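Following the working numbering, the residues of the sequence shown are numbered contiguously, the last one being 295.
Below is one structure, written out as C-alpha cells; the observations come after it.
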Amino acid sequence: MAASTAPLPRRFPVSPRVGAWLAFLALTLVIGLTAAILVFARGLTLTNLTNGVPWGLWITIDLSAIALGAGAFTLSAVAVGPAVTMAVAHIIEWITRKATVPHDVLRLIARTSGLGLLLYAYIKFWDLAAVSYYGRTPGSDQALYILRSFTPYGFGFWVGEILIGIVIPVLLFLMPRFNKRPAYLVLGAALAMVGVIFNRWNVTVSGLVVPLDYAPGVGPALVLPQAYFPNLTEWAIVLGVVGYALTLLTLGVRFLPLFTRTEEHKS
C-alpha cells in the first residue's frame, strides 16, 4: 500500500522590496509600542502635554485618520478619502507590478476629489469671511489676534490647508497634463493628506488656546496660550500608529480579495 504524502505548505515568495517594506513596518511597530509602554508606565510627564494643552499630536493624528479613511461626514473627508484610496491603488501596483484598478477609474476618482476640494475651499473662505468680516465682533477679533500671534495658525491655514492641501492637489487632479501621470496623482493625494493634518492641528491644538466664554468654569477673559511642540516620545507613538495602519493595509492587500481580476471573477 503506497504511503500518502501530505502536500508541502506553500511558501510565500518575498522580494527584496517587500522584505524591506516588512522590515520598515516592524521597526515602526517596535518604536511605537516601546514608547506607548513607557507612557503607560510613567504617565504623560514623558510628553509635552499640559493642562493648558491637553490635546496634542495624538488627537490630531486620530482625527486625521478618520478623515483620511472617508469616515467622517465632512467635505474634507469626502474629498480627500477617495484620493487616498486612489493613491493606495497606484502604490500597490508599483510594488506588486500588477494592475489592480483601471487607470481611467483612478483618474475619475482624482478629478472627483479635485472638484470636492474646490467646493471645500469655497466653504472655507465663506466661513473665514463670516468670522472675520460679516460676523466680526470684538471677541472674535481678540481671539484671532491670539491665534495669529501665539500659534502657527496663520501658517497652518494659508500654507498648510490652502496652498499645500487644496491649491496644489486641485491642479494635479484636474489638469490633464498632470492627472495622466500616476506619480502626480499620488503626490496630490499626499499633499491633500498633509492639508487635512494641518486642519486637524489648527482645530485641536491652535484652536483650543482660545477658551469659549460659555464653557463651564471658564470666565470671559481670554488667557494666553502655552507653548507646545510634540517631543520625541509623542512622535514615536505616532510612528507606531502609522505603522499599525500600514501593517493592516499590507495584510489586507496580501490576504483579502481586494483587487479581483475580471477573468478570475468569471472563472
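No residue lacks a Cβ here, since even glycine has one placed at the ideal position from N, Cα and C.
Values in this document were obtained by computation on a predicted structure and should not be read as measured data.
Residue 232 by DSSP, collapsed to three states: which one?
helix
Give the range of the alpha helix (DSSP H) segment to which residue 162 is assigned.
That residue, residue 162, is in no alpha helix (DSSP H); it is neither H nor E in DSSP.
Pair within 8 Å by beta-carbon distance, residue 275 and residue 234:
no
Taking the straight line between their C-alpha atoms, what separation do you get for residue 136 and residue 70?
49 Å
Strictly under 8 Å for the Cβ-Cβ distance: is residue 226 near chain D by that measure?
Although the question refers to chain D, the structure presented lacks it and comprises just one protein chain.
In its own chain, which residues sit with a C-beta less than 7 Å from the C-beta of residue 269, not counting the 5 before and 5 after it?
60, 89
Cut-off 6 Å between Cβ atoms - residues of its own chain near residue 148, not counting five sequence neighbours on either side:
103, 104, 107
Where does residue 210 land, buried or exposed, given buried means 16+ other C-beta within 10 angstroms?
That one is buried.
Spatially closest choice to residue 87 from 278, 262, 279, 58, by CA coordinates:
Out of 278, 262, 279, 58, the CA that lies nearest to the CA of residue 87 is found in 262.
If you reduce the DSSP assignment to three classes, tell me which class residue 76 lands in.
coil
Can you give me the C-alpha to C-alpha distance between residue 63 and residue 273, rounded to a whole angstrom?
17 Å
Which runs of the alpha helix (DSSP H) at least 4 residues long sit entirely within the region 82–169? Give them in chain order.
85–96, 103–124, 131–157
Are there 16 or more other CB atoms within 10 angstroms of the CB of residue 228, so buried, or fewer, so exposed?
Classification for residue 228: buried.
Using C-beta distances below 6 Å, list every residue in its chain close to residue 68, excluding the 5 sequence neighbours before and after it, in chain order.
Cβ within range, chain order: n/a, list empty.
Counting only the same chain and skipping the five closest in sequence on each side, list residues whose C-beta sits under 6 Å from that of residue 214.
115, 118
Are the beta-carbon atoms of residue 53 and residue 278 separated by less than 8 Å?
yes
So what's residue 292 in DSSP terms, helix, strand or just coil?
Only weak support exists for where residue 292 lies, its pLDDT of 42 falling under 50; the value from the coordinates is given anyway. Looking at residue 292 - three-state DSSP - the assignment turns out to be helix.
Compute the Euclidean distance between the alpha carbons of residue 189 and residue 113, then round it to the nearest angstrom.
20 Å
Euclidean distance between Cα positions of residue 196 and residue 219
8 Å
Proximity of residue 226 and residue 216 at Cβ, strictly below 8 Å
no
Output the boundary residues of the alpha helix (DSSP H) element that contains residue 207.
Going by DSSP, residue 207 is part of the alpha helix (DSSP H) stretching over 204–207.
Would you decide whether residue 42 is buried or exposed? Buried here means 16 or more other CB atoms lie within 10 Å of its CB.
exposed
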